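Quick note on numbering: the sequence shown equals residues -26 to -1, 1 to 400 in mature numbering (1 follows the signal peptide of the UniProt record, and there is no 0).
Heads up, the beta-carbon is just placed ideally off N, CA and C, and yes, glycines get one too.
Nothing here was measured: the structure is a model prediction, and the numbers come from that model.
Below: one structure, written as structure tokens.
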Amino acid sequence: MRSHFQILACKIALLLTCISPFGVHASTDELVILTTFSREPLIPLVEQFSKEHKNAKIKVIHRPTTSSMTLLSKSYVEDIDLVLTSSPLVISSVAKQGKLANVPDEMRAPEVLKPYILPSSDSVVTIGYSGAGVVWNSDYLNNHQLPQPQGFLSLADPAYFGHVTMSTPSRSGTTQLMIESTLEHYGWNKGWTVINNIGANLGTLSSRSFGVSDAIASGSLGLGPTIDSYAKILMRKLDYVGFVHDTRLTLMPTYIGLVKRESQDAYLTSFVERLLSPNVQASIQENAFAKYSVLNTELLSNDHVQLNLDTISSREEGVKLLFDITVTKQLPALQDAWLRVISAREKYYLDTTALHELDSIESLLFAPPVSLEMFNQQMDNIFNTGKSNAEISALLAQWQHNIRVIREDTLEIVADRIRMLSGGLK
């Protein structure tokens, strides 16, 4: 027998067509949506709209954040009617091209949500929002005698070594916003210390953000950072899945950007109005979309981190690469060094001198390989001096090499200092 998911997938295949950008040719009765969301959250929204508009042809292009931005930088943007995403960088990439239409006043977000809307609020529609935090598997934590996390910072606890999973900012727009939230809240040096420390606790990295909650629900790993939408969907059917919001992570609105077109799609306004309708807003938290309604102020009463679009846009590429260099591409070496520190702390827990040395080693291990001032100068030199794409690529490759060498040297120094500590205290 076919599973419920297979049957549902067959039904949705008639509604949602995942297409190549080279085949997009939108007509006035065809609504083409580019989204960074996975297929499942759009099922109830598109299904209901199709019932109400029998002649509407809806095509959905699903792309990760980086791929979406690449697609939107090409001429294919002319064939897209609207962009649906939680990534302010995706939306702003369209806005910078002057391709976003202004939205009517009645479609604009409530004032209380505007501090978290990073693009200009007159050029985007906000249909909901998510918070972020940590999801965990209670059975897994109990089996491994691990404490329940209190927030993102908890993931740096050495008790969680090898039990954490997360996505990367280069693969996930929501993860990128979590990284930027951490840098905003703690500052550059402390922020990267927290990020690298959590990285050292990773058992594995997920290629997509929704893979974090899936891996935790399956019991493959115990806990990790995610947006509440993924956690809420799992918590409806799995009583051993838990989640806690973290106000040190920003709120993430769900944006719709209306792309300027020579001929406006007949169903574009109707589709957006449908998403903002009382019926959809009342059900958006309970269906597969699992977002807070724009009318729900439950999370807005807390003082979440607020981000600046210019700041995160200007260093977007550099922050992604820095994470990949310090965590993704050196994960085994980072894990090994951290495990050595953890083991040494257990061995010398009564030796004050050794513990002070280990504090120093740990600070070195997790410190960023470049200061904020130097990073900004380097990024400005690479991207903002009128260089050709080829020159930018060459400079970026050289920068990555230099940072990688610094990081590798640091890991060697950490290993040497731990060996010296062990040898000197035998």
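Three-state secondary structure (DSSP) at residue i?
i: S42; result: helix
i: T217; result: Before going on, a small fix: residue 217 reads as Phe here, not Thr. In the structure shown, F217 sits in a strand (DSSP, three-state: E or B).
i: H36; result: strand
i: L232; result: strand
i: G360; result: coil
i: P199; result: strand
i: R391; result: helix
i: E4; result: strand
i: S104; result: strand
i: K206; result: helix
i: A93; result: According to the sequence shown, residue 93 is Pro rather than Ala. Note: P93 maps to coil in three-state DSSP.
i: V315; result: helix
i: K70; result: coil
i: V99; result: strand
i: L56; result: strand
Under a Cβ-count criterion, where at least 16 other Cβ atoms within 10 Å of its own Cβ denotes burial, should residue i be classed as buried or exposed?
i: L324; result: exposed
i: E290; result: buried
i: D383; result: exposed
i: H159; result: buried
i: W231; result: Residue identity differs from the one stated: residue 231 is Gly in this sequence, not Trp. G231 comes out buried.
i: G193; result: exposed
i: N253; result: exposed
i: Q150; result: buried
Could you tell me the distance, in whole angstroms, from the CA atom of residue i to the CA atom of residue j?
i: T148; j: G397; result: 44 Å
i: K303; j: D354; result: 24 Å
i: T178; j: G185; result: 11 Å
i: A389; j: D333; result: 14 Å
i: N116; j: S104; result: 28 Å
i: A262; j: D202; result: 12 Å
i: Y214; j: H118; result: 14 Å
i: E386; j: W162; result: 23 Å
i: S95; j: K234; result: 16 Å
i: K73; j: I32; result: 21 Å
i: L346; j: E236; result: 44 Å
i: F217; j: Q124; result: 9 Å
i: T10; j: T327; result: 51 Å
i: D220; j: V279; result: 9 Å
i: N171; j: L120; result: 18 Å
i: T100; j: S60; result: 10 Å
i: V57; j: I380; result: 40 Å
i: L8; j: I35; result: 5 Å
Fill in: Given 8 Å, three or more beta-carbon pairs between the region 100 to 112 and the region 183 to 200
yes
Fill in: Segment contact flag, the region 123 to 140 with the region 263 to 273, C-beta cutoff 8 Å, min 3 pairs
no
Worksheet entry | Inside the region 107 to 182 only - alpha helix (DSSP H) runs reaching at least 4 residues | Runs found: 112 to 117, 147 to 160 and 162 to 174.
Item to complete: Report yes or no: do three or more beta-carbon pairs, one from the region 359 to 366 and one from the region 272 to 289, lie closer than 8 Å?
Response: no
Worksheet item: So, do the region 71 to 89 and the region 269 to 282 have three or more beta carbon pairs nearer to each other than 8 Å?
Response: yes
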